[in-house]
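> Please find one structure pasted underneath; my questions will follow.
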Amino acid sequence: ALRKPGTRFAWGEAESHRFRLAPEESVTYTASDLSVNAGERFQVYVLARGRNFRSEEVISKVLP
Numbered sequence: 033a034l035r036k037p038g039t040r041f042a043w044g045e046a047e048s049h050r051f052r053l054a055p056e057e058s059v060t061y062t063a064s065d066l067s068v069n070a071g072e073r074f075q076v077y078v079l080a081r082g083r084n085f086r087s088e089e090v091i092s093k094v095l096p
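Going from the sequence shown to the numbering used here is simple: count from 1 and add 32.
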C-alpha cells in the first residue's frame with residue numbers, strides 16, 4: 033500500500049495471490065497502478081502474513 037505517514041489511511045493498495053514458500057525461499061512482487069495525490073508525502077507499507085509464522089509489517093521512510 034501507499035499510505036499517509038503516521039496513519040493507516042492508504043491512497044492505493046494491492047494484494048498478491050496466495051502462494052507457498054519453502055523455508056529461506058524468497059519472492060519478488062511488483063505492484064502497479066498505485067498513486068498518491070500530487071504533492072503528498074507517503075510511505076510504502078507491506079504486510080506479509082501466513083499460517084505458520086507471525087505477520088510481518090515493513091514500512092519505508094517517508095517519501096516526497
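Glycine residues also receive a C-beta, built at the ideal position from the N, C-alpha and C atoms.
Keep in mind that this is a model prediction, so the values were computed, not measured.
(1) If you check the beta carbons only, do Ala42 and Leu53 fall under 9 Å apart?
(2) Any C-beta of chain D sitting closer than 9 Å to the C-beta of Val76?
(3) Apart from the five residues on each side of it in sequence, which residues of its chain come closer than 6 Å, Cβ to Cβ, to Leu66?
(4) Rounded C-beta distance between Val76 and Pro37? I'm assuming under 8 Å.
(5) In the DSSP output, what is Gly44 paired with across the bridge?
Straight from the coordinates:
(1) no
(2) Note that chain D does not occur in the displayed structure, where there is just one protein chain.
(3) Leu34 and Gly44
(4) Not quite, the Cβ-Cβ distance comes to about 11 Å (not below 8 Å), so this is no contact.
(5) Leu34
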